[in-house]
Amino acid sequence: MTDNLNEETLSTERPYNGKILNLRIDTIKLPSGRIATREVIEHIDSVCMVPVDDDKNIWFVRQFRTPTGRALLELPAGGMDDGELASDAALRELQEEIGCTAENLQHLSSFFLAPGWCDEYMHAYLATGLTPSKLEADDDENILIEKIPVSDVMKLIHNGDIDDVKTIAGLLLAMQVLGDN
Numbered sequence: 034m035t036d037n038l039n040e041e042t043l044s045t046e047r048p049y050n051g052k053i054l055n056l057r058i059d060t061i062k063l064p065s066g067r068i069a070t071r072e073v074i075e076h077i078d079s080v081c082m083v084p085v086d087d088d089k090n091i092w093f094v095r096q097f098r099t100p101t102g103r104a105l106l107e108l109p110a111g112g113m114d115d116g117e118l119a120s121d122a123a124l125r126e127l128q129e130e131i132g133c134t135a136e137n138l139q140h141l142s143s144f145f146l147a148p149g150w151c152d153e154y155m156h157a158y159l160a161t162g163l164t165p166s167k168l169e170a171d172d173d174e175n176i177l178i179e180k181i182p183v184s185d186v187m188k189l190i191h192n193g194d195i196d197d198v199k200t201i202a203g204l205l206l207a208m209q210v211l212g213d214n
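Per our numbering, residue 34 is the first one in the sequence shown, and the count goes up by one each step.
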């Protein structure tokens, strides 16, 4: 049934190759025969983690995001290195962003972040059994760590204090495992 939805790529241009993303412009042929273009951001796969400590606090990072013009409250996250397993990237990013590692990592789900224009695929994990273990943070990051009780998370989503899609998705997935504690 989905075969009639497939688009044939006729040509590809790559007008920009950057440090964290590339821009690709595909000329495609629709099943109807019409020709159209698709602008695609190519981005490495990534991970996000819901780190929960023994006191039932979730560890967040707050960082300024230039495209939004403000600081956002987010789950720790980051890109995967070439050949790196998602679980290894999750542990590395936890160490870089919140200065902890996790004894337990539970894969929650994987998903596209913005499939209308980007190929980034993210793997979400619940991280428990947190212990201090710091790696050097990326030199272009400026983040604050905030711990928020699990019981407050849904309110923060509903009132718009958390408005980052990966964070909302990760938290909703984790809440199914954690319950309302």
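Here a beta-carbon is modelled for each residue, glycine too, at the ideal position from N, C-alpha and C.
Check: How close, in whole Å, do the beta carbons of alanine 122 and glycine 132 come, if the pair is a contact with beta carbons under 8 Å?
Finding: About 17 Å separates the two Cβ atoms, so there is no contact after all.
Check: Is asparagine 214 helix, strand or coil when you go by DSSP?
Finding: Any reading at asparagine 214 needs caution, since the residue's pLDDT is 49, under 50, leaving its predicted position unreliable; the model's value is listed next. Correct three-state label for asparagine 214: coil.
Next item on the list: Scan the stretch 126-204 and note each continuous beta strand (DSSP E) run of 3 residues or more that stays entirely inside, going in chain order.
Entry: Entirely contained in the stretch 126-204, the beta strand (DSSP E) runs reaching 3 residues are, in chain order, 133-145, 154-165, 176-182.
Notebook entry, point to check: In whole angstroms, what is the alpha-carbon distance linking threonine 60 and leucine 204?
Noted result: If you draw a straight line from the Cα of threonine 60 to the Cα of leucine 204, it comes to about 37 Å.
Notebook entry, point to check: Can you tell me whether DSSP reads aspartate 87 as helix, strand or coil?
Noted result: Taken through DSSP and simplified to helix, strand or coil, aspartate 87 comes out as coil.
Checklist line | Best match in Asn90, Asn55, Arg67, Pro84 for proximity to proline 182 [C-alpha to C-alpha] | finding: The candidate whose alpha carbon is nearest that of proline 182 is Asn90.
Check: Pairing CB atoms from the stretch 148-163 with CB atoms from the stretch 68-86, are three or more of them under 8 Å?
Finding: Enough Cβ pairs lie closer than 8 Å, so yes.
Notebook entry, point to check: When the Cα atoms are used, what is the spatial distance from leucine 118 to valine 210?
Noted result: Going from the Cα of leucine 118 to the Cα of valine 210 covers about 23 Å.
Margin query: Quick check: glutamine 96 and glutamate 153, are their CB atoms within less than 8 Å of each other?
Written below: Using a Cβ distance threshold of 8 Å, glutamine 96 and glutamate 153 do not count as a contacting pair.
Check: Out of Gly51, Lys52, Asn55, Ala69, which has the shortest C-alpha to C-alpha gap to leucine 43?
Finding: Selected option, being the one with the closest Cα: Ala69.
Next item on the list: Ignore the nearest five residues each way along the sequence and tell me which others in asparagine 37's own chain have a CB closer than 8 Å to its CB.
Entry: If we look at asparagine 37 and ignore the five residues flanking it on each side, its Cβ neighbours are Pro64.
Next item on the list: Please look up how many angstroms separate the CB atoms of proline 109 and glutamate 136, rounded, as I've assumed it's under 8 Å.
Entry: Incorrect: roughly 16 Å between the Cβ atoms, too far for contact.
Checklist line | isoleucine 195 burial status per 10 Å Cβ neighbour count (16 or more: buried) | finding: The C-beta of isoleucine 195 has 16 or more other C-beta atoms within 10 Å across all chains shown, which makes the residue buried.
Next item on the list: State the Cα-Cα distance for the pair tyrosine 49 and glutamine 128, rounded to the nearest angstrom.
Entry: In a straight line, the C-alpha of tyrosine 49 is about 32 Å away from that of glutamine 128.
Item checked: Residues that asparagine 55 bridges to, as DSSP identifies them -> Answer by DSSP bridge pairing, in chain order: Asn50, Glu75.
Notebook entry, point to check: Helix, strand or coil: which one does DSSP assign to methionine 208?
Noted result: In the three-state DSSP reduction, methionine 208 falls in the helix class (H, G or I).
Margin query: Bridge partners for serine 44 per DSSP, in chain order?
Written below: Partner(s): Thr60.
Item checked: Bridge partners - glutamate 229, DSSP secondary structure assignment -> Residue 229 lies beyond the residue range present for the chain, which begins at 34 and ends at 214; the question has no answer from this structure.
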